[in-house]
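Peer 1: For the protein sequence lines, the chains are A and B, in the order given. Counted the way the working numbering counts, the first sequence spans residues 19 to 336. Counted the way the working numbering counts, the second sequence spans residues 19 to 336. Quick one: structure below, then a few questions.
Number of protein chains: 2
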Amino acid sequence: VEDPGEVSALAARVRAGDTRAVARAITLVEEALPESRPLLALLYPHAGDALVVGVTGPPGVGKSSLVDRLTAQLRARGHTVGVVAVDPTSPFSGGAILGDRIRMQAHATDPDVFIRSMATRGHLGGLAAPTADVLTVLAAAGKDVILVETVGVGQDEVEIVEAADVSIVVLVPGLGDELQALKAGIMEIADVFVVNKADREGGERLEAEIRAMLSLAPRPDTPAIVRTVAIRDQGTTALLDAVFEVRSRAAANGGLALKRRLRLRRQLEEAVRQRLMTRVRRRVLPPEDEERLLERLVRRELDPASAADDVVARIGLP
Amino acid sequence: VEDPGEVSALAARVRAGDTRAVARAITLVEEALPESRPLLALLYPHAGDALVVGVTGPPGVGKSSLVDRLTAQLRARGHTVGVVAVDPTSPFSGGAILGDRIRMQAHATDPDVFIRSMATRGHLGGLAAPTADVLTVLAAAGKDVILVETVGVGQDEVEIVEAADVSIVVLVPGLGDELQALKAGIMEIADVFVVNKADREGGERLEAEIRAMLSLAPRPDTPAIVRTVAIRDQGTTALLDAVFEVRSRAAANGGLALKRRLRLRRQLEEAVRQRLMTRVRRRVLPPEDEERLLERLVRRELDPASAADDVVARIGLP
Numbered sequence: 019v020e021d022p023g024e025v026s027a028l029a030a031r032v033r034a035g036d037t038r039a040v041a042r043a044i045t046l047v048e049e050a051l052p053e054s055r056p057l058l059a060l061l062y063p064h065a066g067d068a069l070v071v072g073v074t075g076p077p078g079v080g081k082s083s084l085v086d087r088l089t090a091q092l093r094a095r096g097h098t099v100g101v102v103a104v105d106p107t108s109p110f111s112g113g114a115i116l117g118d119r120i121r122m123q124a125h126a127t128d129p130d131v132f133i134r135s136m137a138t139r140g141h142l143g144g145l146a147a148p149t150a151d152v153l154t155v156l157a158a159a160g161k162d163v164i165l166v167e168t169v170g171v172g173q174d175e176v177e178i179v180e181a182a183d184v185s186i187v188v189l190v191p192g193l194g195d196e197l198q199a200l201k202a203g204i205m206e207i208a209d210v211f212v213v214n215k216a217d218r219e220g221g222e223r224l225e226a227e228i229r230a231m232l233s234l235a236p237r238p239d240t241p242a243i244v245r246t247v248a249i250r251d252q253g254t255t256a257l258l259d260a261v262f263e264v265r266s267r268a269a270a271n272g273g274l275a276l277k278r279r280l281r282l283r284r285q286l287e288e289a290v291r292q293r294l295m296t297r298v299r300r301r302v303l304p305p306e307d308e309e310r311l312l313e314r315l316v317r318r319e320l321d322p323a324s325a326a327d328d329v330v331a332r333i334g335l336p
Numbered sequence: 019v020e021d022p023g024e025v026s027a028l029a030a031r032v033r034a035g036d037t038r039a040v041a042r043a044i045t046l047v048e049e050a051l052p053e054s055r056p057l058l059a060l061l062y063p064h065a066g067d068a069l070v071v072g073v074t075g076p077p078g079v080g081k082s083s084l085v086d087r088l089t090a091q092l093r094a095r096g097h098t099v100g101v102v103a104v105d106p107t108s109p110f111s112g113g114a115i116l117g118d119r120i121r122m123q124a125h126a127t128d129p130d131v132f133i134r135s136m137a138t139r140g141h142l143g144g145l146a147a148p149t150a151d152v153l154t155v156l157a158a159a160g161k162d163v164i165l166v167e168t169v170g171v172g173q174d175e176v177e178i179v180e181a182a183d184v185s186i187v188v189l190v191p192g193l194g195d196e197l198q199a200l201k202a203g204i205m206e207i208a209d210v211f212v213v214n215k216a217d218r219e220g221g222e223r224l225e226a227e228i229r230a231m232l233s234l235a236p237r238p239d240t241p242a243i244v245r246t247v248a249i250r251d252q253g254t255t256a257l258l259d260a261v262f263e264v265r266s267r268a269a270a271n272g273g274l275a276l277k278r279r280l281r282l283r284r285q286l287e288e289a290v291r292q293r294l295m296t297r298v299r300r301r302v303l304p305p306e307d308e309e310r311l312l313e314r315l316v317r318r319e320l321d322p323a324s325a326a327d328d329v330v331a332r333i334g335l336p
C-alpha cells in the first residue's frame, strides 16, 4: 500500500468485507504504519454500528470457549462476527505468549467470522488505542457484533472492557482470593456476570458471592448473572439474550451513546497525548538534551518536576 | 502548609525522620497539593540512597506477612525501613479496598519503621508517578530500605516493580493457571523469586517450574529462588541475603545505576506528559471546544486521529 489510490482500494475491499483486506488493514493499524492513518480516516465514517462486547476474567475461566460458543450462537441468529483476542505480552520480549495458538477452528472457514489475536506492544500507552483502531476496521467491514476477549484482569483489560458497549466478566467456582482482587477493578464495570463451569461444586456459592458484592455497591442497572457450561454450550443462549437486553436498555436510556462518547473522548485524548510526546521528543527534548537533563536528575541537582517544568516552558505553549 | 517558610520547616522535619511530618508530606504528595512541588524539590537532593525493594505476586500468596518478616529482619540488622503498600482501587468508587486494614501492628510503635498504604487514584496515569514521589519522601526521611508491596500483578504493578532497585516476585504452590498468566508480565523482571508457603505440597514442583520458565528466556543474571514460610519466619533471612546480594552485584556491574536512570527517565517523561495535557486542556482545547469536537467524532464527520492532528496543530509547537 503506497499511493492514495491503493489505500482507497484497500478501504473499499475492507468495506466489502473481504477477509484478506481486513487482515491486511488490521496489520497496518497494529503496526501503526503511515498508511493506517488515511485508511482509518476512510473507514471511520462507516464504523458506527457494530455492537462491541468485552469478555474478561482471570486466566483459566474458559473465556475462549465462551467466545467460541457465543460466535456460533450469533451466526445462528444471522449476525456477522468479529473476534479480537487481546493477549498479554512480556514487556521485554515483545512476543505474544498465546500468539499462534489455533483458535476457534470451527469458524475458520466462515467468511462472516473474522478472528484476530493482538499482542500488547510494550506497556507505554497500553492497548486501548490500537484496539480501538482494530474495532474501527472490523465495524467498517460490516461485522454486526465484535467480541473483544482479554486475558487477565489488569489495568489494560479494565480500559478495554470500559471501551465495550457491553461488558461480560467471566468467573468460575473456586477462585477464592482471586475473586477478592477482582472486586477492586473490573467488578463495577460488568454488565453481565458469567459463572462458567457452573456444573462444578461451588457454582451457587459463587453466584451468591457476586450478588453480595453487588449489593455493597448498588448501581442503577443491576447486572445479570448467567450460569454457563461453555464447553457443553449450556447457558450460552441465555447469555446472548442478556447481552442484547443490556444493549437495548442502554440504547433506550442513553447509556450506550454516553459510553461511546466517553470512548471517543479517551481515544482523542490518547491521540493528542501521543502526538505531543512525539513532537516534544523530536523538537524540544532531543535525546542528547534529555541525557543531559537526566544526568542532572541522577546527580540530584534538579528534581523531575522542575525538569518537566523547564521542558514544558521551552515549548512555549499559547 | 501555606508559605515557603512552612514548607521548608516541614522538609526539615521530614529529613529529621519525624514520623508525623513524613505522614503529612506523603499526604501532600499523594493528593498532589500545590505545596507538594516545593516540598519535593527540597527533599529530592537528599533522597538518593535508599534501597527500593518491590514485592509483588498474585493475591493471597502472603506478601504482607513476608513484608512484615522482612521488616523485622531489617530492623534486627540495624536498618530503618519504609513500607508502601499499593492497594487496588475501583476506578469508580475511588476508595481503597484494603485501605484501613491494620497492617503490621508489631512495628506500629517503632519510630524507625514507617508504613503507608496508597490507593490507586483512578487509572489514568497509573500509580507510578505518585509512588515515585512517596519514595522520595521516605528516602529523604532517612529510610535505608523501602519495601513497596503491590497487590496483584497488572500493568500498574509491573511499572512499580520495574521502578524498584530489587524486585521480588512471590508465588505459592498450587497457582496453576495463574502461574501461566504471570509468565506474560512480571516473570522477566524479577530479581528474586520466593516460593512462599513452601511447606505446602507442590513447593518443589513450583521451584522446578520457575527454573523451567527461566531456562526458556535466559538472562545475564539468573534470579535466585528462595523458599519461605513467612508466617513461621522460615527462609526470610536467606531472602534478605539474596536481596542484598542482588543489590551488591547490581551496584558493582552498573545495573543499579542504569535502573535508577531508567526510573528517572520515566518519571521525567510522565511529568512532561501530565503538564502538556493540563495545558492543552486549559488553553488549546477548553471543555466547550472538546465537546464540539467530540460531537463531530460521534457524528463520524471526523476521525479521532485527524481530530488530534487539529488539536496539536493549534498548539503551534516549535
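Every residue, glycine too, gets a C-beta built ideally from N, C-alpha and C. Quick caveat, the model's predicted, so the values are computed rather than measured.
Name the one or two DSSP bridge partners that A/Q252 has.
Peer 2: In the DSSP assignment, A/Q252 is bridged to A/V247.
Peer 1: With three or more C-beta pairs closer than 8 Å as the rule, is the stretch 214 to 223 of chain B touching the stretch 44 to 63 of chain B?
Peer 2: Verdict: no, contact absent.
Peer 1: Does DSSP put A/L69 in a helix, a strand or coil?
Peer 2: strand
Peer 1: Between the C-alpha atoms of A/T246 and B/R55, what's the straight-line distance to the nearest angstrom?
Peer 2: Between the alpha carbons of A/T246 and B/R55 lies a distance of about 53 Å.
Peer 1: Return no unless some Cβ of chain B is closer than 9 Å to the Cβ of A/H64.
Peer 2: yes
Peer 1: How many Å lie between B/L156 and B/G23 at the Cα?
Peer 2: 21 Å
Peer 1: Counting only beta-carbon atoms, is B/M295 nearer than 9 Å to chain A?
Peer 2: yes
Peer 1: Kindly indicate if chain A contains any beta-carbon less than 9 Å away from that of B/S324.
Peer 2: yes
Peer 1: Please report the distance separating the alpha-carbon of B/G140 from that of A/A181.
Peer 2: Any answer about B/G140 is weak, because its pLDDT of 45 lies below 50 and its placement is not dependable; what the coordinates show is given next. So the two alpha carbons sit approximately 16 Å from each other.
Peer 1: Whole angstroms is fine: what's the gap from A/S82's alpha carbon to B/T98's?
Peer 2: Near 49 Å, if we compare the C-alpha coordinates of B/T98 and A/S82.
Peer 1: Within a Cβ cutoff of 8 Å, which residues of the same chain sit near B/P236, ignoring the five residues on either side of it in sequence?
Peer 2: none
Peer 1: Taking the continuous alpha helix (DSSP H) assigned at B/L232, which residues delimit it?
Peer 2: G221 to L234
Peer 1: Ignoring anything shorter than 4 residues, give me the alpha helix (DSSP H) runs that lie fully in the stretch 296 to 320 of chain B, in order along the chain.
Peer 2: Listed in chain order, the complete alpha helix (DSSP H) runs (minimum 4 residues) inside the stretch 296 to 320 of chain B are 305 to 316.
Peer 1: For A/D209, count neighbouring Cβ atoms within 10 angstroms of its own Cβ and tell me buried if that reaches 16, exposed if not.
Peer 2: Buried, because 16 or more other Cβ atoms sit within 10 Å of the Cβ of A/D209.
Peer 1: Would you please verify whether the beta carbon of A/L51 is less than 9 Å from any beta carbon of chain B?
Peer 2: With its beta carbon at least 9 Å from every one in chain B, A/L51 lies outside the interface.
Peer 1: Where does A/T149 sit, in a helix, a strand or coil, going by DSSP?
Peer 2: Looking at A/T149 - three-state DSSP - the assignment turns out to be helix.
Peer 1: Counting only C-beta atoms, is B/D327 closer than 9 Å to chain A at any point?
Peer 2: yes
Peer 1: Determine the DSSP secondary structure at A/R95, reduced to helix, strand or coil.
Peer 2: coil
Peer 1: Could you name the residues of the same chain whose beta carbon sits closer than 8 Å to that of A/L60, not counting the 5 residues immediately before and after it, in chain order?
Peer 2: V25, S26 and A29
Peer 1: Do the stretch 292 to 300 of chain A and the stretch 254 to 266 of chain A meet, that is, are 3 or more Cβ pairs less than 8 Å apart?
Peer 2: Short answer: they don't touch.
Peer 1: Leaving out five residues before and five after B/I333 in sequence, what residues of the same chain have Cβ atoms less than 6 Å from its Cβ?
Peer 2: V302
Peer 1: Counting only beta-carbon separations shorter than 9 Å, does B/E48 have a partner in chain A?
Peer 2: Interface flag for B/E48 against chain A is unset, since no Cβ pair is found closer than 9 Å.
Peer 1: If you compare alpha carbons, which of B/Y62, B/G75 and B/V329 is closest to B/V104?
Peer 2: B/G75
Peer 1: When burial is assigned at 16 or more other CB atoms within 10 Å of the CB, is B/G72 buried or exposed?
Peer 2: buried
Peer 1: So, with DSSP's three-state summary, where would you put B/T168?
Peer 2: strand
Peer 1: Going by the DSSP bridge assignment, what does A/G100 pair with across the sheet?
Peer 2: A/F132 and A/I164
Peer 1: CA-CA distance, A/V152 and B/D36?
Peer 2: 53 Å
Peer 1: In angstroms, rounded to a whole number, what distance separates the CA positions of A/L102 and A/A323?
Peer 2: This sequence places Val at residue 102 of chain A; Leu is not what is there. Those two C-alpha atoms are separated by around 39 Å.
Peer 1: Cβ of B/D321 less than 9 Å from any chain A Cβ?
Peer 2: yes
Peer 1: In whole angstroms, what is the alpha-carbon distance linking B/D67 and B/R279?
Peer 2: 14 Å
Peer 1: How many Å lie between B/G100 and B/I133 at the Cα?
Peer 2: 6 Å
Peer 1: Go ahead and pull the three-state DSSP assignment for B/G334.
Peer 2: Three-state result, B/G334: coil.
Peer 1: Between which two residues does the beta strand (DSSP E) containing B/L189 stretch?
Peer 2: Run containing B/L189: V184 to L189, per the beta strand (DSSP E) assignment.
Peer 1: Run through the DSSP bridge pairs and tell me what B/T74 is partnered with.
Peer 2: Per DSSP, the beta bridge partners of B/T74 are B/V187.
Peer 1: Our contact map puts B/V384 next to B/L165 with C-beta atoms below 8 Å; I'd like the distance itself, whole angstroms only.
Peer 2: The question about residue 384 of chain B has no answer here: the residues shown for chain B are numbered 19 through 336.
Peer 1: Go to A/V79, then tell me how far its alpha helix (DSSP H) extends in each direction, as first and last residue.
Peer 2: Neither: A/V79 is in no alpha helix (DSSP H) and is coded neither H nor E.
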